[in-house]
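Structure first, commentary second.
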Amino acid sequence: MKSKLLIILYTIAAISILSGCSSHKVPCSAYSLTNEYSWLNDAMAIAHGFGEVDGYTVTNCLEAFEQNYQAGHRFFEVDFMLTSEQTAVAGHDWLSFYEITGRTIPESGSTPPLTLKEFKQSSIHGKYTPVTLTQIIDLMVQYPDMYLITDTKDTVDPMITNTFTQIVNTATATDPAVLDRIIPQIYNNEMYDIIYKIHPWKSVIYTLYNQGMEFSYDDVFDFALSKGIKVFTTFPARSDLTFIDKVHASGGYVFMHTFNDTDTVRDFIYSHDICGVYTDSLSNTEIKQTFQRTIAQKYGKLFLYSDAE
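According to the numbering used here, the sequence shown is numbered sequentially starting from 19.
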């Protein structure tokens with residue numbers, strides 16, 4: 019009978035890639051200790067839009083969650099949109115929802131929100147089940163090791179307040195402990211203040227994809243540092259190395275999206291010391307092994323693999 023023993027040997031080099039503390043003048047202790055980021059210990063992989071199902075991506079459907087949970091994922095990014103009644107449901111946007119549910123797009127090109135009933139009666143790609151916020155909270159109760167990363171799209175009020183109030187109220191009515199496993203993504207400084215008026219979130223992710231072309235990396239970094247935000251998500255075209263070095267030097271973490279091959283993951287570990295990725299199709303195991311092996315190659319023999327009879 020074979021078993022595989024993986025012993026992780028932590029070294030100064032490993033700490034460097036994960037915390038980024040180096041020669042920069044900003045101490046790691048600069049970050050507030052009021053936010054809880056222990057989930058980062060296991061979050062190298064985040065399933066994008068609940069992850070891929072049968073080759074389909076960003077469906078945010080029940081079957082995608084089930085398939086990717088069984089494949090080992092525990093961190094799930096989910097897109098949220100609002101129905102005509104302003105009820106939060108899972109979906110990237112109404113145009114794409116019309117397309118993946120076979121609806122005819124009006125000649126005007128506008129795709130008005132469906133009613134909640136119409137949403138629930140839809141079939142994604144002819145066979146998959148759309149889910150509401152209430153159903154997602156129920157899944158989090160059923161699977162107590164599941165984490166939810168929100169992608170709410172809206173960057174202004176009242177939509178932000180509406181969506182996050184529903185998230186908090188739904189979780190509180192079902193099981194308040196679930197809120198500790200919900201990690202909001204924010205897109206700008208103003209959004210932070212809005213969501214913290216609704217609930218004292220334990221941690222947040224500052225994602226850069228919705229920033230305008232003229233945004234300031236320094237402004238984002240300074241604001242995040244002042245609020246104790248420790249995690250940033252970006253993408254290759256917006257991966258300024260000076261900014262990333264500052265994040266690492268102050269004890270922060272950088273994720274990137276959306277990667278679906280291990281070669282790209284490896285390249286960005288080498289070039290940017292990223293700490294995790296969002297993915298459609300890579301398994302949790304594939305991503306973790308890629309991180310382990312690449313860190314070992316980059317910094318020395320950090321990992322010892324052995325097989326025993």
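All C-beta atoms, glycine included, are put in the ideal place defined by N, C-alpha and C.
Quick caveat: nothing in here was measured; it's all calculated off a predicted structure.
Task: Alpha-carbon to alpha-carbon, Thr75 and His143 - done: The C-alpha of His143 lies about 11 angstroms from the C-alpha of Thr75.
Task: First and last residue of the uninterrupted alpha helix (DSSP H) at Val71 - done: Per DSSP, Val71 belongs to no alpha helix (DSSP H) and is neither H nor E.
Open item on the list: Taking the straight line between their C-alpha atoms, what separation do you get for Ser234 and Asn207?
Closed with: The straight-line gap separating the alpha-carbon atoms of Ser234 and Asn207 is approximately 12 angstroms.
- [ ] Sort Lys306, Asp298, Gln307 by Cα distance to Thr77 and report the nearest one.
- [x] Out of Lys306, Asp298, Gln307, Asp298 has the C-alpha closest to the C-alpha of Thr77.
Task: Chain-order list of residues whose beta-carbon lies under 8 angstroms from that of Lys306 (same chain, five-residue window excluded) - done: Met62, Ala63
- [ ] Assuming Ser102 and Thr119 form a contact by the criterion Cβ under 8 angstroms, report the distance between their Cβ atoms to the nearest whole angstrom.
- [x] Separation of the CB atoms of Ser102 and Thr119 is rounded to 15 angstroms, and the pair is thereby denied contact status at 8 angstroms.
Task: Secondary structure of Tyr214, DSSP reduced to three states - done: Tyr214 carries a helical assignment under DSSP once its states are collapsed to helix, strand and coil.
Task: Cutoff 7 angstroms; reference Tyr161; Cβ partners in own chain excluding five residues on either side - done: Taken in chain order, the residues that qualify are Tyr87.
Open item on the list: Tell me which residue opens and which closes the beta strand (DSSP E) that Val295 is part of.
Closed with: First-last of the beta strand (DSSP E) with Val295: 294-297.
Task: Best match in Phe309, Thr188, Ser301 for proximity to Glu70 [C-alpha to C-alpha] - done: Looking only at Phe309, Thr188, Ser301, the smallest Cα-Cα distance to Glu70 is reached by Ser301.
Task: Three-state class that DSSP yields for Pro130 in the structure shown - done: coil
Task: the segment 88-98 in contact with the segment 120-129 per 3-pair CB rule at 8 angstroms - done: By the Cβ rule, the segment 88-98 does not count as touching the segment 120-129, because fewer than three pairs are nearer than 8 angstroms.
Open item on the list: If contact is defined by three or more beta carbon pairs under 8 angstroms, each pair taking one atom from either stretch, is the segment 188-197 in contact with the segment 221-233?
Closed with: no
Open item on the list: On the DSSP bridge list, what partners appear for Ala65?
Closed with: Phe94, Thr297
- [ ] Can you check DSSP and say which residues form a bridge with Ile204?
- [x] Tyr224
- [ ] Figure out for me which residue from Ala267, Asp279, Thr312, Asn228 has the closest Cα to the Cα of Thr332.
- [x] Because the chain spans 19 through 327 in this model, residue 332 falls outside it and cannot be assessed.
TODO: Return the bridge partner residues of Val272 from the DSSP annotation.
DONE: Phe250
TODO: Could you check the C-alpha separation between Ile231 and Leu259 for me, to the nearest Å?
DONE: Residue identity check: residue 231 is Met in the sequence provided, not Ile. In this structure, the alpha-carbon of Met231 lies about 17 angstroms from that of Leu259.
Open item on the list: What would DSSP say about Met209, mapped onto helix, strand or coil?
Closed with: helix
- [ ] Between the Cα of Ile200 and those of Ala242, Asp240, Leu157, Tyr271, spot the shortest distance and give me the residue it belongs to.
- [x] Leu157
Open item on the list: Please state whether the Cβ-Cβ distance between Leu80 and Thr152 is less than 8 angstroms.
Closed with: no
Task: According to DSSP, residues forming a beta bridge with Asp169 - done: Under DSSP, Asp169 takes part in a beta bridge, and its partners are Asp97.
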